[in-house]
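K.L.:
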Amino acid sequence: MKRVYKGNNKVFWSSLISLSLSLFLLFFLLHLSNRGIYIQFGTPPPWSGHTIISAILILIATISISRMIKVRELKYFVIALGLVIVIIISLAFLLINPPGETKYTRITSPDNKTKYLIVETGAGRLYRLSDSGMYMTFVTPIRTDDGYLPFADNAYEIEWLSSNHFILHYAFNQDSRYKDYREITVHLE
Numbered sequence: 001m002k003r004v005y006k007g008n009n010k011v012f013w014s015s016l017i018s019l020s021l022s023l024f025l026l027f028f029l030l031h032l033s034n035r036g037i038y039i040q041f042g043t044p045p046p047w048s049g050h051t052i053i054s055a056i057l058i059l060i061a062t063i064s065i066s067r068m069i070k071v072r073e074l075k076y077f078v079i080a081l082g083l084v085i086v087i088i089i090s091l092a093f094l095l096i097n098p099p100g101e102t103k104y105t106r107i108t109s110p111d112n113k114t115k116y117l118i119v120e121t122g123a124g125r126l127y128r129l130s131d132s133g134m135y136m137t138f139v140t141p142i143r144t145d146d147g148y149l150p151f152a153d154n155a156y157e158i159e160w161l162s163s164n165h166f167i168l169h170y171a172f173n174q175d176s177r178y179k180d181y182r183e184i185t186v187h188l189e
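Mapping the sequence shown onto my numbering, position 2 (from 1) lands on 2, and the numbers just tick up by one.
1) What residues in its chain sit with their C-beta under 8 Å from that of F77, if we drop five residues either side in the sequence?
2) Using 8 Å as the cut-off, can you tell me whether the region 136-153 makes contact with the region 30-39, which would need three or more C-beta pairs spanning the two stretches below that distance?
3) Nearest by alpha-carbon distance to P110: which of I56, Y181, F166 is it?
4) Quick one: is S20 buried, meaning 16 or more other Cβ sit within 10 Å of its Cβ, or exposed?
5) Can you tell me the Cα-Cα spacing of K75 and S66, whole angstroms?
6) Okay, do the region 96-109 and the region 146-161 touch, 3+ Cβ pairs below 8 Å being the bar?
7) From what residue to what residue does the alpha helix (DSSP H) around G49 run?
8) What residue range is occupied by the uninterrupted beta strand (DSSP E) comprising A171?
9) Return the first residue and the last residue of the alpha helix (DSSP H) that K10 is part of.
10) Please state if the CB of F151 and the CB of T105 are separated by a distance shorter than 8 Å.
11) Under 8 Å by Cβ, that's how I've got R128 and L30 pegged, so tell me the actual separation to the nearest angstrom.
12) Report the start-end ranges of each alpha helix (DSSP H) in the region 104-149 that is 4 residues or longer and not cut off at the edges.
13) Using three-state DSSP, classify V186 as helix, strand or coil.
14) If you compare alpha carbons, which of S15, Y181, L149, L126 is closest to E101?
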């Protein structure tokens with residue numbers, strides 16, 4: 001009977017270590033995203049860094065598993081499965097953030113200490129950017145009517161109380177652009 005895994009050699013153990021590390025980092029990224037924290041490489045687009053790192057870690061895990069497997073057919077299956085998972089993640093990212101349809105608005109506090117990013121794709125999301133710019137934290141959703149993008153349309157006002165406390169007034173739909181403004185109070189520690 002053929003052995004599925006290559007035993008006691010450097011390739012096996014280095015593959016096992018890289019597999020373990022990549023799985024640990026994938027679960028850590030999942031933990032961060034469940035807490036609303038996304039790694040990024042500049043803005044926009046948001047959480048693309050998070051998605052890219054996840055895809056790279058999945059590819060590393062796939063390569064690690066395939067290097068440990070001796071049976072050729074199983075090795076090809078594992079590689080194909082890893083590529084399918086990366087493609088699905090990439091397509092899901094593109095569906096959530098369609099290129100050209102996503103609008104970004106940066107907001108900076110009057111004292112230039114705190115930066116925020118509003119992402120609009122029909123529904124809005126407010127994020128607080130880290131001082132380093134390496135990650136951002138989800139703050140609150142922004143609800144509008146029928147995909148209206150008030151921040152891209154400049155139909156908003158900000159009432160700053162401090163760099164971490166402000167009231168965001170915005171138009172709910174195209175008709176309320178000059179009348180009714182909705183408001184969100186943001187107060188962060």
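Even glycine gets a Cβ: it sits at the ideal position worked out from N, Cα and C. These numbers were taken from a predicted model, which means no experiment stands behind them.
P.N.:
Well, looking at it:
1) none
2) yes
3) F166
4) exposed
5) 5 Å
6) yes
7) 48-68
8) 165-171
9) 10-34
10) yes
11) With 8 Å as the limit, R128 and L30 do not qualify as a contact, their Cβ atoms being about 21 Å apart.
12) none
13) strand
14) L149
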